[in-house]
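*Asks:* In the working numbering, the protein residues as written are 13 to 126.
1) What whole-angstrom Cβ distance do residue 102 and residue 68 have, given they're in contact under 8 Å?
2) If you compare alpha carbons, which of 92, 36, 74 and 37 is closest to residue 56?
3) According to DSSP, is residue 114 part of a helix, a strand, or is it coil?
4) Leaving aside the five residues before and after residue 10 along the sequence, list all residues of the same chain whose C-beta is less than 6 Å from its C-beta, in chain order.
5) So the alpha helix (DSSP H) residue 77 belongs to, where does it begin and stop?
6) Distance check for residue 39 and residue 23, CA to CA, integer angstroms please.
7) Under a three-way DSSP split, which group does residue 28 fall into?
8) For the beta strand (DSSP E) that residue 53 lies in, which residues bound it at each end?
9) Just to confirm my understanding: we take residue 94, look at its own chain, exclude 5 residues before and 5 after, and list those with CB closer than 6 Å. What are they?
Structure below.
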């Protein structure tokens with residue numbers, strides 16, 4: 013796991029979503045990668061991941077280009093999720109992807125992607 017600042021309330025809130033990653037991966041199956049991102053750390057955003065063999069990503073990995081574009085374009089300000097966009101498997105085959113935003117009142121947000 014990526015070290016989170018235990019003094020930071022946001023870190024504690026974020027860690028509380030880790031069981032959701034496991035739950036979704038068990039519900040959706042081995043072919044579905046589920047990732048929890050801390051968007052405040054673009055270069056090392058992945059703090060929890062299940063079925064990372066799908067794309068080859070690991071804990072401590074960066075945000076995807078899609079997520080960075082969403083941050084830059086601000087779509088997350090008006091949308092709670094994005095569905096059916098194209099990702100890539102580790103072998104280059106396309107995937108259908110989705111992202112759900114987990115928010116707290118301070119406007120910090122995190123992504124849970126499948």
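By construction, the Cβ of each residue, glycine as well, lies at the ideal position given by its N, Cα and C atoms.
*Replies:* Put simply:
1) Taking the first residue of the chain shown as 1, we reach residue 102 at position 90. Taking the first residue of the chain shown as 1, we reach residue 68 at position 56. That belief holds up - the Cβ atoms of residue 102 and residue 68 are roughly 4 Å apart, short of 8 Å.
2) Within the chain shown, the letter at position 44 stands for residue 56. Of the candidates 92, 36, 74 and 37, the residue whose Cα lies closest to the Cα of residue 56 is 74.
3) Indexing the chain shown from 1 puts residue 114 at position 102. Correct three-state label for residue 114: strand.
4) In this structure the chain extends from 13 to 126, so residue 10 is not present and cannot be described.
5) As a position in the chain shown, residue 77 is number 65, starting the count at 1. From DSSP, the alpha helix (DSSP H) with residue 77 extends over 77-85.
6) Taking the first residue of the chain shown as position 1, residue 23 is located at position 11. Taking the first residue of the chain shown as position 1, residue 39 is located at position 27. Our two residues, residue 23 and residue 39, have alpha carbons roughly 25 Å apart in a direct line.
7) Taking the chain shown and counting its residues from 1, one reaches residue 28 at position 16. The answer is coil: DSSP assigns residue 28 none of H, G, I, E or B.
8) As a working mapping, residue 53 is identified with position 41 in the chain shown. Following the DSSP letters along the chain, one finds residue 53 in no beta strand (DSSP E), marked with neither H nor E.
9) Here residue 94 refers to the residue found at position 82 when the chain shown is read from its first residue. Excluding residues within five positions, the ones whose Cβ falls inside 6 Å are 111.
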